[in-house]
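Line by line, the protein sequences are chains X and S.
Going by our numbering, the first residue of the first sequence is number 1, and it counts up by one from there.
Going by our numbering, the first residue of the second sequence is number 1, and it counts up by one from there.
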Amino acid sequence: MKARHTLSALAVAVLAATGLTAAARADVNVGVTLSATGPAASLGIPEKNTFEILPATIAGEKINWIILDDASDTTKAVTNTRKLITEDKVDLIVGSTITPNSLAMVDIVSEAEVPMISMAASARIVDPANPKTRWVFKTPQSDALMADAIAVSMKASGVKTMGYIGFNDAYGEGWLNEITKSAQIAGIKIVAAEKYNRNDTSVTGQVLKLVSANPDAILIGAAGTPGATPQKELAARGYKGKIYQTHGVANPDFLRVVGKDGNGTILPIGPMLVYEQLPDSNPLKKSAAEYITKYEAKYGKDSRSTFGGHAWDAYVLFANALPSALKKAKPGTKEFRVALRDALEAEKEVVASHGVYTMTPVDHNGLDNRARTMIRIDNGKWVLVK
Amino acid sequence: MDFSIAALLAQDGITNGAIYALLALALVLVFTVTRVILIPSGEFVVYGTLTLAGFQLGKPPGTIGLVVAMAAIAGIMEAVACVRRGESARIPRQVALWTGLPVAIAAIAAWLAPVELPFWAQLALTLALVTVLGPLLYRIVYQPVAEATVLVLLIVSVAVHFVLTGLGLAFFGAEGSRTPAFSSESIQVSDINVSVQSLLVVGTSIALIAVLALFFGRTLYGKALRATALNRIGARLTGISPNLAGALTFTLAALMCAFCGVLIGPITTVYYESGFLVSLKGFVGAIIGGMVSYPLAAAGALLVGLLEAYASYFASGFKEVIVFTLIIPVLLWRSFTSHHQEEEDE
Numbered sequence: 001m002k003a004r005h006t007l008s009a010l011a012v013a014v015l016a017a018t019g020l021t022a023a024a025r026a027d028v029n030v031g032v033t034l035s036a037t038g039p040a041a042s043l044g045i046p047e048k049n050t051f052e053i054l055p056a057t058i059a060g061e062k063i064n065w066i067i068l069d070d071a072s073d074t075t076k077a078v079t080n081t082r083k084l085i086t087e088d089k090v091d092l093i094v095g096s097t098i099t100p101n102s103l104a105m106v107d108i109v110s111e112a113e114v115p116m117i118s119m120a121a122s123a124r125i126v127d128p129a130n131p132k133t134r135w136v137f138k139t140p141q142s143d144a145l146m147a148d149a150i151a152v153s154m155k156a157s158g159v160k161t162m163g164y165i166g167f168n169d170a171y172g173e174g175w176l177n178e179i180t181k182s183a184q185i186a187g188i189k190i191v192a193a194e195k196y197n198r199n200d201t202s203v204t205g206q207v208l209k210l211v212s213a214n215p216d217a218i219l220i221g222a223a224g225t226p227g228a229t230p231q232k233e234l235a236a237r238g239y240k241g242k243i244y245q246t247h248g249v250a251n252p253d254f255l256r257v258v259g260k261d262g263n264g265t266i267l268p269i270g271p272m273l274v275y276e277q278l279p280d281s282n283p284l285k286k287s288a289a290e291y292i293t294k295y296e297a298k299y300g301k302d303s304r305s306t307f308g309g310h311a312w313d314a315y316v317l318f319a320n321a322l323p324s325a326l327k328k329a330k331p332g333t334k335e336f337r338v339a340l341r342d343a344l345e346a347e348k349e350v351v352a353s354h355g356v357y358t359m360t361p362v363d364h365n366g367l368d369n370r371a372r373t374m375i376r377i378d379n380g381k382w383v384l385v386k
Numbered sequence: 001m002d003f004s005i006a007a008l009l010a011q012d013g014i015t016n017g018a019i020y021a022l023l024a025l026a027l028v029l030v031f032t033v034t035r036v037i038l039i040p041s042g043e044f045v046v047y048g049t050l051t052l053a054g055f056q057l058g059k060p061p062g063t064i065g066l067v068v069a070m071a072a073i074a075g076i077m078e079a080v081a082c083v084r085r086g087e088s089a090r091i092p093r094q095v096a097l098w099t100g101l102p103v104a105i106a107a108i109a110a111w112l113a114p115v116e117l118p119f120w121a122q123l124a125l126t127l128a129l130v131t132v133l134g135p136l137l138y139r140i141v142y143q144p145v146a147e148a149t150v151l152v153l154l155i156v157s158v159a160v161h162f163v164l165t166g167l168g169l170a171f172f173g174a175e176g177s178r179t180p181a182f183s184s185e186s187i188q189v190s191d192i193n194v195s196v197q198s199l200l201v202v203g204t205s206i207a208l209i210a211v212l213a214l215f216f217g218r219t220l221y222g223k224a225l226r227a228t229a230l231n232r233i234g235a236r237l238t239g240i241s242p243n244l245a246g247a248l249t250f251t252l253a254a255l256m257c258a259f260c261g262v263l264i265g266p267i268t269t270v271y272y273e274s275g276f277l278v279s280l281k282g283f284v285g286a287i288i289g290g291m292v293s294y295p296l297a298a299a300g301a302l303l304v305g306l307l308e309a310y311a312s313y314f315a316s317g318f319k320e321v322i323v324f325t326l327i328i329p330v331l332l333w334r335s336f337t338s339h340h341q342e343e344e345d346e
């Protein structure tokens, strides 16, 4: 027992010592909470990988990246955020991976007045109508931007009716809402909307219902490999119309699982995924190449994921805002956090991996149509739709 | 809904029901012999699918490392137990059984993994790897607490479930896998397409159930397990080792779950955490059988499969709700009709 006490005392001492040195040197502490385990792990893992290739010094200042896992759990994300703010005295919070976690964190960062950059998609995270979002920014494209791209593409190829099958959760619901709005504008009628769960062993029932409504196109509102389940079932039931997916499926694992049944599928995406195919005139080509080359050098060829890109963009926004904040105040102070927030909000035409960010007080996402492009799956490859 | 859609849904429901039935039988088997509610059965299913998927990609699956680690722990536990009983002479034999055999299987699997094997060989390796996890798990986790109450055993099962799920994430990653179908053919019966794959699933389940029935009805070990299930203390008095019965039960259960995994792989995408929901549906089936009756459990599981298929057509958003609500009337009916036997009055 005694030995155990000594050990834990030692551990406390070591922890205290590291804490003290961090505070004494006044480095910039950045707290990251992301979903590296749990249902959103396939999104969180590339984000975590991205933080591991980030430089340790920016603008001559040492950056401590403190990375915590919230296991895709909202309560854990909140606990992590509180811990990062009170114990690690961070100047910036990055996270979390998914919308429910990020929404819960908004309250805490606005109360503690710490700027936050979310890597989750929903526009509600940075809703300008909510005064709390003054401190919150986000990097991913909003669902609305992507849904609009799908509706435009459908209309261009003469689609009159569409069906929808999506997750029975916030992601699927959110997409159904957005596509309903965009489809209405484009004059497309939604004839069937079905739901499924990511762990379902079969989606035969839902797919039969969709196929019997016989829409011109079907949109699958899912993220990651679960998006392949309805697609394979549609192929098995001989559906001949166009199939659209959301940008949530754009990773190599989806291609592996969907196999040849994925051919011809169209989805909107941040241009970074196919940066090699972009024209040289596109400013994103160079910036995406910088990130992806670095990432693939460490994690292997074709390991790129758009989710990692959201983390990289958070870093780019931060690195751009840092110099001007450093001029105004010393890291670790309230003034510094205010200066950092103001600098983030003042960013103009910042070229990152997914798009070009221009923040305003009412737009803390800052992306425009340059942050989306349509791609097609062609024999296990992503091909840019010209 | 016309006849062909109804028939397709029935086909889908029976296919899934057959898989749930195997799981329900495994749950009933384990519960009657060891009083353990095997929540981690779903993880065995997942390990089965993902191990096979690993072999198909030519990657040595993470289960190999797990088998080696568990075998080492089991060997040490056996050696310590032998020393405590003063039977040091038995150590080499016990260690060879508990460590040597699983490690040998793991070594063969690791050696053959990068080679492009025929499908049946991959299948055999997968089943062997996942099946040995069963007795190892029993030896390490359940045997030391075998005499505990059902509640304690349940809590232990929950813990094991979380540990195995976490290990699954570490071994196989967050993304799911599928295994190729055994056959993509389909047979035309009047105007309904019946896929050979689903016939295979149902056929395998029935065959496995038949083999188990033979095992329990005709062999000495099978009869010993039945005796233990009927009366643990009485069985021990007649010389049936409860440890052997437990290990054997877990071997059978792991084999059945591994089969489920192999069968389910071509039908759906399996994730490291898919197991829980699948085992829960098998569990609903087992509950319908009152956790003791094999035929009722199998019928219950089939009912779950069918209900799921039709619910997904009519109200996809409420599918799980409908399936799991089924358990309430069943529990009511069982508590009114069955006379509770107090077996645990030790």
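Glycine included, each C-beta is placed from N, C-alpha and C at the ideal position.
Do the CB positions of residue i and residue j come within less than 8 Å of each other?
| i | j | result |
| --- | --- | --- |
| L344 of chain X | P115 of chain X | yes |
| P268 of chain X | L278 of chain X | no |
| I5 of chain S | L302 of chain S | no |
| A250 of chain X | L219 of chain X | no |
| V207 of chain X | L176 of chain X | no |
| T57 of chain X | H364 of chain X | no |
| G262 of chain X | G248 of chain X | no |
| M374 of chain X | I292 of chain X | no |
| P61 of chain S | L50 of chain S | yes |
| E47 of chain X | H310 of chain X | yes |
| L220 of chain S | G205 of chain X | no |
| I98 of chain X | A314 of chain X | no |
| T50 of chain X | G308 of chain X | yes |
| V95 of chain S | A79 of chain S | yes |
| Y275 of chain X | A289 of chain X | yes |
| A217 of chain X | Y244 of chain X | yes |
| I190 of chain X | T180 of chain X | yes |
| A297 of chain S | A24 of chain S | yes |
| G134 of chain S | T99 of chain S | no |
Can you tell me which of the options puts its alpha carbon nearest to the alpha carbon of residue i?
| i | options | result |
| --- | --- | --- |
| V321 of chain S | S:L307, S:T238 and S:Y138 | S:L307 |
| V258 of chain X | S:R178, S:T51, S:E43 and S:P114 | S:R178 |
| T165 of chain S | S:G86, S:L66 and S:W333 | S:L66 |
| N197 of chain X | X:I165, X:T139, X:D27 and X:S287 | X:I165 |
| A69 of chain S | S:L125, S:L129 and S:Q56 | S:L129 |
| L101 of chain S | S:T131, S:V83 and S:T32 | S:T131 |
| T306 of chain X | X:W382, X:G332 and X:K189 | X:W382 |
| I188 of chain X | X:A339, X:A156 and X:G172 | X:A156 |
| A40 of chain X | X:S182, X:G60, X:A120 and X:K195 | X:A120 |
| G305 of chain S | S:K319, S:S293 and S:Y294 | S:K319 |
| I37 of chain S | S:A26, S:Y47 and S:V46 | S:A26 |
Segment contact, 8 Å Cβ cut-off, at least three pairs: the region 157-175 of chain S with the region 267-279 of chain S: yes
Ignoring anything shorter than 4 residues or poking outside the region 193-255 of chain S, list the alpha helix (DSSP H) runs there in chain order. 196-218, 220-230 and 232-237
Select from the region 135-164 of chain S all residues with a C-beta closer than 7 Å to any C-beta belonging to chain X, and list them in chain order. none
Compile a chain-ordered list of the residues in the region 167-201 of chain S whose CB is closer than 7 Å to at least one CB of chain X. L169, A174, E175, G176, S177 and R178
Per the contact definition of three or more C-beta pairs closer than 8 Å, is the region 76-87 of chain X in contact with the region 33-53 of chain X? yes
Looking at C-beta atoms only, is the number of pairs between the region 54-71 of chain X and the region 122-136 of chain X that lie closer than 8 Å three or more? no
Contact between the region 352-366 of chain X and the region 304-320 of chain X: three or more CB pairs below 8 Å? yes
Pick out the complete alpha helix (DSSP H) segments inside the region 28-55 of chain X, 4 residues or longer, and give them in chain order. 41-52
Count Cβ pairs between the region 199-211 of chain S and the region 89-101 of chain S that sit closer than 8 Å; are there 3 or more? no
Taking a cut of 8 Å between CB atoms, which residues from the region 245-266 of chain S lie near chain X? I264
Length at least 3, wholly inside the region 87-169 of chain S: the beta strand (DSSP E) runs in chain order: none
In chain order, what residues of the region 6-33 of chain S put their CB closer than 7 Å to some CB of chain X? L8, L9, D12 and N16
Extract the residue ranges of the beta strand (DSSP E) inside the region 75-163 of chain X, only unbroken runs of 3 or more that lie entirely within it. 92-95, 116-118 and 136-138
The region 24-41 of chain S contacting the region 275-295 of chain S, beta-carbon criterion three pairs below 8 Å: yes
Report the residues of the region 198-219 of chain X with a CB closer than 8 Å to any CB of chain S, ordered along the chain. R198, N199, D200, T201, S202, V203, T204, G205, Q206, L208, K209 and S212
Residues from the region 230-260 of chain X in contact with chain S, defined by Cβ distance under 7 Å: D253 and V257
Could you name the residues of the region 40-73 of chain X whose beta carbon sits closer than 7 Å to any beta carbon of chain S, in the order they occur along the chain? A41, S42 and I45
Can you check the region 196-229 of chain X for any beta strand (DSSP E) of at least 3 residues that lies completely inside it and give the ranges in chain order? 217-221
Hey, is the region 240-252 of chain S in contact with the region 155-162 of chain S, meaning 3+ C-beta pairs nearer than 8 Å? no
Using a Cβ distance threshold of 8 Å, determine whether the region 11-27 of chain S contacts the region 202-213 of chain S, with at least three qualifying pairs required. yes
Please list, in chain order, the residues of the region 161-185 of chain X that have any C-beta partner in chain S closer than 9 Å. I165 and N168
Please give the ranges of any alpha helix (DSSP H) in the region 284-343 of chain S, keeping only runs that are unbroken, at least 4 residues long and fully inside the region. 294-314, 319-325 and 327-337
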